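So the sequence lines, in the order shown, correspond to chains A and B. Going by the numbering used here, the first residue of the first sequence is number 1, and it counts up by one from there. Going by the numbering used here, the first residue of the second sequence is number 1001, and it counts up by one from there. Beta carbons: idealized from backbone N, C-alpha and C, even for Gly. Please read all numbers here as calculations on a predicted model, not as lab measurements. Report on one structure; see the data block that follows.
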Amino acid sequence: MSRSSRILICAVAALLLAVPAFAAGYEAQLDPTPFDATNRADVIESIGTVTATLDGSTLTVRGTFSNFTSAATGGSFRIGLAKGVPGDAIGSLTVEHARQGAFSGTIKLTSGQMAALKNEALYVRIDSEKAPDGNVQGWLEASGKDHVS
Amino acid sequence: MSRNTKFLAGAAGLAALGAAYVLTPHAFAQAPGIYNLEQATNGHSAYVASCGGCHRANLAGGGDAPALGGSGFMSSFGNRSTKDLYNFIAKSMPAGAPGSLSETQYTNITAYLLYANGAKAGSAQFSKDTNVKVSSVADGKVLAEAIAPPSLGKMAAAEARARAEAPPPAHGLTVTGTVKNYVDVTDDMLVHPVDGEWLMYRRNYQGWSYSPLKQITTENVKGLTLKWAWNMNEGGASQVTPIVHAGVMFLSNTSNTVQALDARTGELIWENRIGPVSKIAYGGTRSLAVYHDKVYVATTDAMIHALDARTGKIVWEQPLGNPNNSNTGGVMVMRGKVLTGLTGCDNYSENNCYISGFDADTGKPAWRFHTTALEGEPGGDTWNGLPNLLRGGADTWIAGTYDPDLNTTYWGVAQTKPWFRASRKSGNASTLYSSSTLALNPDDGKLKWYFQHAPGESLDLDEVFERVLINHGDQKTVMTIGKPGILWKLDRVTGKFLAAKETVFQNVFDKIDPKTGAVTYRKDILNQKTDQWFSSCPGPEGGHDWQATSYYQPDDLLIIPLSQSCVMIQGHEVDMKLGGGGTAASQKFFFMPGTHQNMGKLVAYRTSDMKEMWSWQQRSPFLSAVLSTAGGVAFVGDFDRSFKAIDAKTGKIIWQTRLGNTVQGYPVSFSLDGKQYIAVASGLGGGSPQQKPTMLLNEVHRASTGHQLYVFALPD
């Protein structure tokens, strides 16, 4: 391989490595959705994680979930008035139909939805047979945010 | 009320329980009966024993406990099934000890609640699987006989007889003795407490919870050993502050019991079981006071008592409020006046809520300051035109602090009741003096200034907690932090806002004006209606709650125990009449986003510039106050029984041990014969700080008893 070819390959590799630097990263832990004593056992042990990448206005998420007491049935991107405030679905996720598994999804955000993401008001929710209105949920935060000081 | 009168009242109550009532089949005649009268009768007995302490005999609810009768009950459960109702009760009740009753008791209690809310009895046996919509059998019309019923069936009759024949609990001065070498407490001793004593709630008038003792240091604290322990009364909520003077520890137990113990050995000197016996969940008296030759205690039946410090005999006693009122915050003595607050103001009553002052020697009432501004008085026009009767809440359930130089006492005031402005019909009115800091003259109760932190508060986010007095050069400040987790700094001469700092995530306020401290609520909170769900981060557990801060003076650090949880909360319609109102809300629980399910957070802020100096988080929330000492060690304990010693400068955990149950109360330090001691209690009971981790932390298992005092020191 010629020197110029190696330089070209390195340049391409550097460019590819540099792409994520232009894409913002987000993440969240998925915790049980709000419960009271009547449905506590259905959700209390459920957990998950999600990572997300914003490339331009396209948000792509991948995540996993586990410890469900019933099979997952679906998932959604959602926006509320603020972090911690439930809101309406703005897009759907592809979710493994199982008690533990993976999910993913992509959505093109409007400027208002971009602002919601920046304000940590955008979240993902995974539903299940026993918890059709939400089994776990997590509000996306910029990656690397100091959770435990 | 005298002791004799109270004894007679108690005896009459027992007799009434033994009397035979006949349940009247009633109401909702169209629906078939899904329970029988024997179940409802037995359910009433179980309700009185295990639920009535919080939800009240009249089902009206109180504090964190929602109404179980009338419109409040129907709002919460009308659209749900009887199976949901059973499950809710069986899986979450009694508060702090869910699942501790038998299936039969839970089904009976459910049957009783259905009966009380108008459901027709029949011949069917109600079971945990009975599954009909509550509103299809009950209409929420509470019958008088449902509140004080019945004794039907052999089992219930036998229970009632057994109760009537049981000996009454020990009462009065049950252990006699005399404190030797007692020294009267002077005003000067309260202003300038000696290093080795703990004479009041937060040790000094400024509310620091800081001990100048320094025998125990960051280097040797690992050597702490248990010197003595003492089992305290069970039942109720124990959140005790031991008071130490003249070698004696004065200890308030639940069931309104005061004890004098030899602080060196734990030997009991005298005990006065003033009573009444505490009911489940509530009943903690947080602080006693000592002054001259007396010990002062405010009790859960809204009485204040002065005891002879040497013998425990009652010297004088005075009523604080009406029978529905209570006192858990305790008392403070300032310039010859005993000051105390009032709680249990959630149901509509004719006396509203207030702070009181009494002459310390005679008990003569000196003044009252109404914390619900009344019609025609200053601030009285901030209630959206509601009459005095419908001005609930503004309880004062934490004792105040005092600046002797300014002769000013500082008190926090809790929120308006019912919690939701949509429930109480107060519109967007500020409802003074709820959720405020008050500066009062302790001599006459006159208001010097107030600052309202959360006008028209709606989500059970109290701002009632400790007011800590800190000077920065010539600047005199008062600092406080409430359930929203916002640390406030005010000028304590004028009440002017100086600074605010968010210590945990909160989503209730969109902004806080940096110049005035005025808060702007999230818009859906402003547009609220009843029976809608609202997110509240933090929730009623509070970012900060009664577990008080400590001011570590050497480094100007305010060390704050914080909690991190959220709720979805829903306000309900209430009966707008005498006895109505209440807190009137339902809740669902969830972890605070971004915390990785860490409910506990300990943080230190430098108060001069409000800069966070250190913090860390853990799974369990802290259920004790913080104590800091001149040895550089701070102490704090948590829900999962761990009692920790921390380097006050860095936050690093140096030593920890596990107690018998949740570390709950206010740790103190004292010295005797040259030895420094650390006293800390374990305890159960209480509101949201107990309820939320009970629901959210699935792995924490605790014993059903465990009110105990532990005293540690370095080896001899």
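- Using a Cβ-Cβ distance cut-off of 8 Å, the region 1034–1043 of chain B and the region 1107–1115 of chain B are in contact, since at least three pairs of beta carbons, one from each stretch, lie closer than that value.
- The three-state secondary structure of L1389/B, taken from DSSP, is helix.
- Interface with chain B (8 Å Cβ-Cβ cutoff): K130/A is excluded.
- Comparing alpha carbon positions, the residue from S1075/B, G1063/B, S1102/B closest to Y1047/B is S1102/B.
- V1680/B is bridged by DSSP to Y1710/B.
- Annotation: P1484/B has no Cβ neighbours in chain A at a cutoff of 8 Å; minimum Cβ distance is about 13 Å.
- Only those residues of the region 29–53 of chain A whose C-beta falls short of 9 Å from the nearest C-beta of chain B are listed: Q29, D31, P32, T33, P34, F35, D36, A37, T38, N39, R40, A41, I44, E45, I47.
- In chain order, Q1528, K1529, T1530, G1571 place their CB closer than 7 Å to the CB of A1422/B, counting only its own chain and leaving out the 5 sequence neighbours on each side.
- Segment contact: the region 1482–1500 of chain B against the region 46–60 of chain A, fewer than three CB-CB distances shorter than 8 Å; contact not assigned.
- Sequence-distant Cβ neighbours of A1366/B in its own chain, meaning closer than 7 Å and more than five residues away, are K1337, G1357, F1358, D1359.
- A check of alpha carbon separations from Y1112/B across A1097/B, G1099/B, Y1086/B, L1251/B identifies Y1086/B as the nearest.
- Residue range 1037–1050 is occupied by the alpha helix (DSSP H) that includes L1037/B.
- Taking a 10 Å sphere around the C-beta of N1327/B, we find 16 or more other C-beta atoms and assign the residue as buried.
- Here R1606/B is near D1556/B, since their CB atoms are less than 8 Å apart.
- If only complete runs of 3 or more residues are kept, the region 1292–1370 of chain B shows the beta strand (DSSP E) at 1294–1298, 1303–1308, 1314–1319, 1331–1334, 1337–1340, 1354–1359, 1365–1370, in order along the chain.
- Residues K1091, S1092, T1694 of the same chain have their beta carbon placed closer than 7 Å to that of P1098/B, with the five preceding and five following residues left out of the count.
- DSSP, reduced to helix, strand and coil, places N1272/B within a strand of the structure shown.
- Going by C-alpha positions, L1190/B is about 32 Å away from W1614/B.
- DSSP lists V1295/B as the beta-bridge partner residues of V1290/B.
- Of the other Cβ atoms in all chains shown, 16 or more fall within 10 Å of the Cβ of Q137/A; this residue is therefore buried.
- The DSSP-derived three-state label of R1658/B is strand.
- At least one beta carbon of chain A lies nearer than 8 Å to the beta carbon of D1084/B.
- By a beta-carbon distance limit of 8 Å, T1254/B contacts A1237/B. Their separation comes to about 7 Å.
- In this structure, the CA atom of W1411/B is about 20 Å from the CA atom of W1419/B.
- Just so you know, the alpha carbons of N135/A and F68/A end up roughly 8 Å apart.
- For K83/A, the chain B residues whose Cβ falls inside 8 Å of its Cβ are F1505, N1507, C1537, P1593, G1594, in order along the chain.
- When CB distances to chain B are screened at a threshold of 9 Å, the residues of the region 135–147 of chain A falling below it are Q137, G138, W139, E141, K145, H147, in chain order.
- Using a Cβ-Cβ distance cut-off of 8 Å, the region 1591–1604 of chain B and the region 1437–1446 of chain B are not in contact, since fewer than three pairs of beta carbons, one from each stretch, lie closer than that value.
- A residue is called buried when at least 16 other Cβ atoms come within 10 angstroms of its Cβ; G1542/B meets this threshold and is buried.
- The secondary-structure analysis by DSSP pairs P86/A with nothing; it has no beta-bridge partner.
- Taking a cut-off of 8 Å for Cβ pairs, the region 1452–1459 of chain B and the region 1398–1407 of chain B do not touch, as fewer than three such pairs fall below it.
- For F1250/B, the closest C-alpha among the options A1289/B, S1278/B, I1216/B is that of A1289/B.
- For the 8 Å CB-CB criterion, V1519/B and L1461/B do not form a contact.
- For S1092/B, the chain A residues whose C-beta falls within less than 9 Å of its own C-beta are D36, A37, T38, R40, listed in chain order.
- In terms of Cβ geometry, V1626/B and L1562/B do not form a close pair [threshold 8 Å].
- Our two residues, W139/A and F1369/B, have alpha carbons roughly 45 Å apart in a direct line.
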